[in-house]
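In this note's numbering, the protein residues as written are 11 to 87.
Scroll down for the structure; my scribbles are underneath it.
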Amino acid sequence: MKKTWQIVMAGDGGQGLIVGGRILAQAAILEGKNVLQTQSYGIAARGGYSEAQVIISDGEIYNPKCETPDLVLALTQ
């Protein structure tokens with residue numbers, strides 16, 4: 011059975027969300043999974059909105075967006 015995990019991490023810039031997403035993606039790659047990691051952040055280096063999305067799957071990944079996340083880590087309102 012193919013399992014896919016969709017993870018969204020969001021908060022303010024400077025909280026380490028982008029780095030956390032990259033580390034999570036790299037760990038999944040080392041486990042032999044297919045991974046897609048995207049990131050978005052505002053103009054401000056610190057304090058603006060920041061988001062990382064990671065999709066981890068045993069099979070092919072066809073959609074680059076997390077539509078129904080299994081985990082949401084929200085560090086700000």
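Every residue, glycine too, gets a C-beta built ideally from N, C-alpha and C.
Starting from residue i and walking both ways along the beta strand (DSSP E), at which residues does that stretch end?
i: Q16; result: T14 to D22
Out of the options, state which residue places its alpha-carbon closest to the alpha-carbon of residue i.
i: L85; options: K43, E41, A62 and S67; result: A62
i: Q36; options: V18, Q25, G26 and I66; result: I66
i: I71; options: S50, L46 and Q87; result: L46
i: I28; options: K43, Q49 and G42; result: Q49
To which residues of the same chain is residue i closer than 6 angstroms at the C-beta, ignoring the five residues directly before and after it?
i: G58; result: G23 and G52
i: A20; result: E61 and A84
i: V18; result: Q63, C76, P79 and V82
i: K13; result: D68
i: Q16; result: I65, C76, P79 and D80
Could you tell me which residues DSSP puts in a beta bridge with residue i?
i: Y59; result: D22
i: I65; result: Q16 and L46
i: Y51; result: S60
i: L85; result: For L85, which the question treats as bridged, DSSP gives no partner whatsoever.
What span of residues does the alpha helix (DSSP H) with residue i cover, start to end?
i: L34; result: L27 to L40
Who are the near neighbours of residue i in its chain, counting only those whose CB is closer than 8 angstroms to its CB and skipping five residues on each side?
i: A38; result: V45, V64 and I66
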